[in-house]
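Visitor: Sequential numbering from 282 applies to the sequence shown in this note's numbering.
Even glycine gets a Cβ: it sits at the ideal position worked out from N, Cα and C.
Quantities reported herein were computed from a predicted structural model and do not represent experimental measurements.
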Amino acid sequence: MLRLTSRFIILIRENTMLRLICSGLLSLIATLAVAATPKLDPSIDYHSQANPHEVLTTHLTLDLSVSFKKQELSGSVIFDFERKADKVSELVLDTRDLTIVAASARVDGKWQKTGFKLEAPHTALGAALRVALPAKADQIKVQYRTSPKASGLQWLTPEQTAGKKLPFLFTQAQAIHARSFIPLQDTPQVRTTYDAILRTPKNLRAVMSAENTPNADKTGEYRFHMPQAIPSYLIALAVGDLEFKAMGARTGVYAEASILDAAVAEFADTEAMLEITEKVYGPYSWGRYDLLILPPSFPFGGMENPRLSFITPTVIAGDKSLVSLIAHELAHSWSGNTVTNATWRDLWLNEGHTTYLTYRIMELIYGQKRFNMESVLGYQDLQGDIAELPAPYQLLAIDLRDKDPDDGFSNVPYEKGALLLTEIETKIGRAAFDAYLKQYFADFAFSSLSTEAWLAYVDTHLVAKHPEQLSMQRLEQWIYQAGIPEGAPAPKSNAFSDIDQVRTQWLSGSLKSSDIKAAGWTVHEWLYFLNNLPAQLTEAQMLDLDTQFKLTGTGNNEIAHSWLLIAINNNYQPAYSRLENYLIQIGRRKLITPLYKALVATPSGKVFAQRVYTSARPGYHPLAQGTMDAIVNP
Ligand SMILES: [Zn+2]
282 MLRLTSRFII
292 LIRENTMLRL
302 ICSGLLSLIA
312 TLAVAATPKL
322 DPSIDYHSQA
332 NPHEVLTTHL
342 TLDLSVSFKK
352 QELSGSVIFD
362 FERKADKVSE
372 LVLDTRDLTI
382 VAASARVDGK
392 WQKTGFKLEA
402 PHTALGAALR
412 VALPAKADQI
422 KVQYRTSPKA
432 SGLQWLTPEQ
442 TAGKKLPFLF
452 TQAQAIHARS
462 FIPLQDTPQV
472 RTTYDAILRT
482 PKNLRAVMSA
492 ENTPNADKTG
502 EYRFHMPQAI
512 PSYLIALAVG
522 DLEFKAMGAR
532 TGVYAEASIL
542 DAAVAEFADT
552 EAMLEITEKV
562 YGPYSWGRYD
572 LLILPPSFPF
582 GGMENPRLSF
592 ITPTVIAGDK
602 SLVSLIAHEL
612 AHSWSGNTVT
622 NATWRDLWLN
632 EGHTTYLTYR
642 IMELIYGQKR
652 FNMESVLGYQ
662 DLQGDIAELP
672 APYQLLAIDL
682 RDKDPDDGFS
692 NVPYEKGALL
702 LTEIETKIGR
712 AAFDAYLKQY
722 FADFAFSSLS
732 TEAWLAYVDT
742 HLVAKHPEQL
752 SMQRLEQWIY
762 QAGIPEGAPA
772 PKSNAFSDID
782 QVRTQWLSGS
792 LKSSDIKAAG
802 WTVHEWLYFL
812 NNLPAQLTEA
822 QMLDLDTQFK
832 LTGTGNNEIA
842 HSWLLIAINN
852 NYQPAYSRLE
862 NYLIQIGRRK
872 LITPLYKALV
882 ATPSGKVFAQ
892 RVYTSARPGY
902 HPLAQGTMDA
912 IVNP
C-alpha cells in the first residue's frame, strides 16, 4: 500500500506539466506518504514479538513426546536467561498455533506456578506469550502442545516414506516456524544452546541439530546436547526409520535403509568439501557434519541445520551432478550458522555469502569448467527472477515488515548477493578477498549482524584498503537498488557456447537430433540446452527431442523439471503422465512451483493442475501447500 503510494509519486514527478499544475497536491501526498511510512530501524527484528532486550534466553531444555496418532508434540521447555533490564516483570515468547498448558518459575530452587497470557494471534507473527517473571526466578518452564497444523512440522504417513512401513516427522524452522513447535524468542538475534529429550515410538529413531549418537539402540527415548549457541531457526528434529552410515571421519548420512547406500555414494565428496573449505575459510566450528535424507515432500533443497543438514532426496541423481546443494548447506556452517543475519531483511548476508562459497567449493572439488557452468545457470536464474519480481523484492536489503519473511526467498538474496561478492573479488583479487572473508567469519563468529553493520565493516576492511577499486556508493547501489547494477560481472562458460551453437543449428534444421553428440553432455549442459530453447516449439520438434533423448523418462529431477516446463508450455501430451507422477511424488517447491504456474496459465492446464493437485496436496509440506494453494486455487 505504501509502496504503491511512493511509486505513484515518482510517476507523477516524471511528468513536469502535471507537477507544475498540482505541485501543491503533490507535496501534500508526499508529506502524507512520509508521515505514514515509519522509518525502518535495521536493528529491530520486525518478525518477533519477544523481549530479548529485557530478558535474554541463553539455554533451552526440551522434553517432548512425539505422537504420530495425534500429530502432536507435547511436553515442556525450560529457559535459562539473563536479565538485561531492571524491574523486568515478564518473559515474552513467540508462539504460533500452540496450546499452552501451564507456566512455572523456579525460585530459590523450587518450582512454583506463574501467570501467563497468550495474546490474540497476529497474522504473520503468531501469538505473543507473556509469562510472569517473579523477581527472584532463575528459570521459567512452559508446558505446551503443538497443533496438527503447525507450520514447522510435517507428519508423513508410512506411504509417504521410502520404506512405506513407518511414519516420519521432520521440522523446518526457518524463517519463523520454530515458534510453531516451541514457544521461544524466535529471532536470529538470540542464540541459545540446548538439551533435549525426545520420546518416540520404540521402532523409530530421533535425530536433532545437535550431538547425535549414530548407532544408539532404538529405545524410544533419545537425548541430545547442543553445545554451540544457535539461533532459533536452526533448531531441528526428525523422527523416522533412520539408519546411519559414515562417509568420512567427520561426515555421514542418516536415511531410510532403502536409500542409504545411494545417498552415501552420491555425497561421497562431502568430507573433501569440508576439508577444503576449512583450508580456505578457517576451521569448521561444529564438530561433525552429517546429512539427513528426507522424504521427497521436503519443501526445500536443503536446510543447513547445524551438525545435521536436512537434504531433499531429489538430488540423488546417480552421478553427483546435483551435489552443489551439499556444498551450499556445508558452506552455511560458516555463513549463516556461525555468522548469522540479524533479521530476515538481512537474509542476503546468509544466502549471498553461502552461494558465493558454494561456487568456490564446487570449483575446488570439480574444477573450473563446472564452476563456470554453474555460475551461468545461477546467473540465468537471477535474470529470470529480476524480470518477474516487483522492484522492492529486487533489493538485497528487503523490507519485509508486515509480511511473512518466507516471501523474501528468491534468487535475489542468493545469486544477486553472490554476484556482489564476485564483483568485489574481481576488483581486489581472489587472494585478498579470501583473506578478508576468513577474517570476517572469525570476527563475527557466533554473532549476528545487519546489512548496515556489514557495510560499516566492509568500509573499514575493504573500501579503505582498496579505494581505487571499491566505493561505498557502488556497494549501496547493489544493496538498496532494484535490478543488477550495470557493469556487474556476467559469468561465462565456453562449454555453453558450444551448446548455443548446437541449439541454433537444430532449431534451424541444419543439424539433425541424431547428429547431436549429447552422449557426453553433463546435466548442466542439458539444463542450459533446454532452459534456453524458445518458448514455442512445434509438435514435431518436441517429439524429435523426446524420441532421440528420452527426456520424458529422464531419471534426473532437474532435467525432468526443465523438460516438463517446456512440455506444459507446448501442450505436449506424451509428457503429461510423467508430469502427473512428478507433481505427486515431489514436494520440493523450487521444482513444482514453476510447473503449477505454467499449468494454470491456460484453461485446460488449470483443469489438469486442479485435478492433480487434489491428489498431490495431502503429501505436500504445509509451506508447499500454502504456496500451491495460492497458485492452483486462488
Ligand atoms: Zn542457503
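On the criterion of 16 or more Cβ atoms from any shown chain inside 10 Å, does Lys697 qualify as buried, or is it exposed?
Guide: With 16 or more other Cβ atoms within 10 Å, it is buried.
Visitor: Kindly list the residues whose CB is nearer than 6 angstroms to the CB of Glu335, restricted to its own chain and excluding five residues on each side of it in sequence; keep chain order.
Guide: Within the same chain, Glu335 has close Cβ partners Lys365, Ala366, Val369.
Visitor: From the DSSP output, which residues share a beta bridge with Asp361?
Guide: His340, Gln420, per the DSSP bridge assignment.
Visitor: How far does the beta strand (DSSP E) with Tyr535 in it reach, from first residue to last?
Guide: 532–537 is the extent of the beta strand (DSSP E) around Tyr535.
Visitor: Output the boundary residues of the beta strand (DSSP E) element that contains Asp476.
Guide: Unbroken beta strand (DSSP E) run through Asp476: 472–480.
Visitor: One question on the structure: do Ala527 and Tyr503 come within less than 9 angstroms of each other, judged by their Cβ atoms?
Guide: Cβ atoms of Ala527 and Tyr503: not closer than 9 angstroms.
Visitor: Can you list, in chain order, the stretches of the beta strand (DSSP E) that have 3 or more residues and sit fully within the stretch 608–644?
Guide: Runs of the beta strand (DSSP E) inside the stretch 608–644: 620–622.
Visitor: Look at the Cβ atom of Phe830, then the Cβ atom of Glu806, and state whether they are nearer than 9 angstroms.
Guide: Their beta carbons are not under 9 angstroms apart, which means Phe830 does not touch Glu806 by this criterion.
Visitor: For Gln866, report the span of its beta strand (DSSP E) as first-last.
Guide: Taken as a continuous stretch (DSSP letters only), Gln866 belongs to no beta strand (DSSP E), being part of the alpha helix (DSSP H) at 857–866.
Visitor: Give me the residue from Ile421, Ala734, Lys394, Gln817 with the minimum Cα distance to Asp627.
Guide: Of the listed residues, the one whose Cα sits closest to Asp627 is Ala734.
Visitor: Among all the DSSP beta bridges, which residues are the ones paired with Val373?
Guide: Val373 pairs with Arg411.
Visitor: Find out if the Cβ-Cβ distance for the pair Ala386, Ala409 is shorter than 9 angstroms.
Guide: The answer is no: Cβ separation not under 9 angstroms.
Visitor: Per DSSP, which residues does Ser605 bridge with? Please list them.
Guide: DSSP lists no partner for Ser605.
Visitor: Output needed for Ile234: all residues of its chain with C-beta closer than 6 angstroms, excluding positions within five of it in sequence on either side, in chain order.
Guide: For the chain, the structure presents residues 282 to 915; residue 234 sits outside this window and is missing.
Visitor: Gly521 to Thr380, Cα distance in whole Å?
Guide: So the two alpha carbons sit approximately 25 angstroms from each other.
Visitor: State whether the stretch 664–681 contacts the stretch 638–653, with contact taken as three or more CB pairs (one from each stretch) at a distance under 8 angstroms.
Guide: No, because fewer than three Cβ pairs between the stretch 664–681 and the stretch 638–653 fall closer than 8 angstroms, the two stretches do not touch.
Visitor: Between Pro439, Ser461, Pro577, Lys746, which has its C-alpha nearest Asn862's C-alpha?
Guide: Of Pro439, Ser461, Pro577, Lys746, the residue nearest in Cα terms is Pro577.
Visitor: Measure the C-alpha to C-alpha separation of Gly568 and Thr532 and round it to an integer number of angstroms.
Guide: Rounded to the nearest angstrom, the two C-alpha atoms are 10 angstroms apart.
Visitor: Please classify Phe777: does DSSP put it in a helix, a strand, or coil?
Guide: Looking at Phe777 - three-state DSSP - the assignment turns out to be helix.
Visitor: Could you check which residue in Pro884, Ala890, Thr883, Ser885 has the C-alpha nearest to that of Thr874?
Guide: Minimum Cα distance to Thr874 is reached at Ala890.
Visitor: Who are the Cβ neighbours of Ser731 in its own chain at under 6 angstroms, not counting the five residues just before and after it?
Guide: Same-chain partners within the cutoff: Pro323, Ala623, Asp627.
Visitor: What residue range does the alpha helix (DSSP H) around Ser896 cover?
Guide: Per DSSP, Ser896 belongs to the alpha helix (DSSP H) from 884–897.
Visitor: Please confirm if the stretch 508–515 is in contact with the stretch 447–467, defined as three or more CB-CB distances below 8 angstroms between the two stretches.
Guide: Yes, since at least three Cβ pairs between the stretch 508–515 and the stretch 447–467 fall closer than 8 angstroms, the two stretches touch.
Visitor: Take Ala316 and list the residues in its own chain whose beta-carbon comes closer than 8 angstroms to its own, dropping the five residues that flank it on each side.
Guide: Reliability of the predicted coordinates at Ala316 is poor, the pLDDT of 49 falling under 50, and the value obtained from them is presented with this limitation in mind. Hits under 8 angstroms: none found.
Visitor: Which residues mark the beginning and the end of the alpha helix (DSSP H) in which Met909 is found?
Guide: Taken as a continuous stretch (DSSP letters only), the alpha helix (DSSP H) holding Met909 covers 903–913.
Visitor: What are the boundary residues of the beta strand (DSSP E) that includes Asp571?
Guide: Asp571 -> beta strand (DSSP E) spans 570–574.
Visitor: Going by Cα to Cα distance, which pick from Ser566, His609, Val596 is closest to Met584?
Guide: Of the listed residues, the one whose Cα sits closest to Met584 is His609.
Visitor: How close, in whole Å, do the beta carbons of Pro594 and Arg870 come, if the pair is a contact with beta carbons under 8 angstroms?
Guide: Incorrect: roughly 15 angstroms between the Cβ atoms, too far for contact.
Visitor: Considering only the alpha carbon of each residue, which of Leu814, Leu337, Phe349 lies closest to Thr254?
Guide: An answer regarding residue 254 cannot be provided, because it is not within the stretch 282 to 915 covered by the chain.
Visitor: Count the other CB atoms within 10 Å of the CB of Ser432; is the residue buried (16 or more) or exposed (fewer)?
Guide: Ser432 is buried by the Cβ-count criterion.
Visitor: Entirely within the stretch 486–525 and at least 3 residues each: give me those beta strand (DSSP E) ranges in chain order.
Guide: 486–489, 502–512, 518–521, all fully within the stretch 486–525.
Visitor: Three or more beta-carbon pairs under 8 angstroms between the stretch 587–606 and the stretch 491–500, yes or no?
Guide: Touching, yes, given that three or more Cβ pairs across the two stretches are closer than 8 angstroms.
Visitor: For the alpha helix (DSSP H) that contains Lys719, what are its first and last residues?
Guide: First-last of the alpha helix (DSSP H) with Lys719: 711–724.
Visitor: Alpha carbon to alpha carbon, how far is Tyr901 from Thr442?
Guide: So the two alpha carbons sit approximately 12 angstroms from each other.
Visitor: Judging by CA-CA distance, which residue of Ile867, Leu904, Met909 is the nearest neighbour of Lys916?
Guide: For residue 916 there is no data in the structure shown, the boundaries of the chain being 282 and 915.
Visitor: What residue ranges within the stretch 658–715 form continuous alpha helix (DSSP H) runs of no fewer than 4 residues, ordered along the chain?
Guide: For the stretch 658–715, whole alpha helix (DSSP H) runs of length 4 or above, ordered along the chain, are 698–709.
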